[in-house]
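Novice:
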DNA sequence: TTAATTGTTCCATATTCTAGAACTATTGGA
DNA sequence: TCCAATAGTTCTAGAATATGGAACAATTAA
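Protein chains in written order, with the working numbering: chain L, 1013 to 1123; chain A, 1013 to 1123.
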């Protein structure tokens, strides 16, 4: 199994970030990671809004978030600990990530 | 030919916006429209970076921008006048759109 | 060892995108 | 009024991408 790829900060693109964040499952994962700041395993997100998603699908979503540079995944025993790269990202992209999170949060409140 | 659909402001979603803005052609179109504020026809964008794109493709990209709520297209004679909906969008989504534009601009400067 | 757990990879099917060809709408001129 | 020119849209087949089940890999605990 090849090691997980994490792009260095200067290879992270706006396009990659927006692409990663235009899928509802990935948004949910990222927002949750961003909210608490405490790392979570992938399997935390197997059950989303009372229906289960296949772990192969979940794995792909994590890969996309990872390779977009939004999260970092570190192996801890049998699981992965995932956390955001928000600090780095803010340095590079200014208020963009935060503005996106805010906009999504506002939207979520309306339901 | 069915009339062009423009979503009302409260049907515009963050997800739709991010999706529309994660394609390099659409970004180029939108940024250009945002920069000058003066409406442009679709065919203005047929030639992008010394290669021509098919007009059917261009038409699809405009449709996606339009249905995401990012631009408005009004028929003026034989062509369409396209302009952004930035003012409306800023009211609803705060600084997000601007932050995205800024980030893309900064990125563009590096080349 | 073996079994259990977590996540990745493989691959077939489903969905979405691209772009050529045909079509529609509008305008200007003969 | 009719024809040609121009600007975009729609249709559709092939290309690219996403989804999810099944097999696999890595780690740990018994």
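From the three backbone atoms N, C-alpha and C, an ideal C-beta is built for every residue, glycine too.
Name, please, each residue of chain L whose Cβ falls closer than 9 Å to the Cβ of residue 1076 of chain A.
Specialist: Those do not exist, as residue 1076 of chain A stays about 12 Å from chain L at its closest Cβ, beyond 9 Å.
Novice: At what residues does the alpha helix (DSSP H) containing residue 1097 of chain L begin and finish?
Specialist: That residue, residue 1097 of chain L, is in no alpha helix (DSSP H); it is neither H nor E in DSSP.
Novice: Roughly how many angstroms separate the alpha carbons of residue 1037 of chain A and residue 1073 of chain A, rounded to a whole number?
Specialist: Going from the Cα of residue 1037 of chain A to the Cα of residue 1073 of chain A covers about 8 Å.
Novice: So is residue 1081 of chain L buried or exposed if we call it buried at 16+ other beta carbons inside 10 Å?
Specialist: That one is buried.
Novice: Span of the beta strand (DSSP E) holding residue 1086 of chain L?
Specialist: Note, residue 1086 of chain L: beta strand (DSSP E), 1083 to 1088.
Novice: Taking the CB atoms as reference points, tell me whether residue 1021 of chain A and residue 1100 of chain A lie closer together than 7 Å.
Specialist: Their beta carbons are under 7 Å apart, which means residue 1021 of chain A touches residue 1100 of chain A by this criterion.
Novice: Which chain L residues sit within Cβ distance under 8 Å of residue 1119 of chain A?
Specialist: The contacting residues are 1025, 1026.
Novice: Excluding the 5 residues preceding and the 5 following residue 1017 of chain A in the sequence, name in chain order all residues of the same chain whose CB lies nearer than 8 Å to its CB.
Specialist: Excluding sequence neighbours, residue 1017 of chain A sits near 1078, 1079.
Novice: May I have the straight-line CA-CA distance separating residue 1091 of chain L from residue 1039 of chain L, to the nearest angstrom?
Specialist: If you take the alpha carbons of residue 1091 of chain L and residue 1039 of chain L, they lie about 21 Å apart.
Novice: Take the Cβ of residue 958 of chain A as the centre, count every other Cβ of all protein chains shown within 10 Å, and call the residue buried at 16 or more, exposed below.
Specialist: Residue 958 of chain A is absent from the structure shown; chain A starts at 1013 and stops at 1123.
Novice: With distances taken Cα to Cα, identify the nearest neighbour of residue 1089 of chain L among L:1046, L:1122, L:1053, L:1047.
Specialist: Minimum Cα distance to residue 1089 of chain L is reached at L:1053.
Novice: Kindly say whether residue 1112 of chain L, judged by its beta-carbon, lies nearer than 7 Å to any beta-carbon of chain A.
Specialist: Yes, because at least one Cβ of chain A sits closer than 7 Å to the Cβ of residue 1112 of chain L.
Novice: Along chain L, which residues have their Cβ under 9 Å away from the Cβ of residue 1034 of chain A?
Specialist: Chain L residues near residue 1034 of chain A: 1026, 1027, 1028, 1029, 1030, 1031, 1032, 1033, 1034.
Novice: Identify every residue that forms a DSSP beta bridge with residue 1018 of chain A.
Specialist: Answer by DSSP bridge pairing: none, since residue 1018 of chain A is not bridged.
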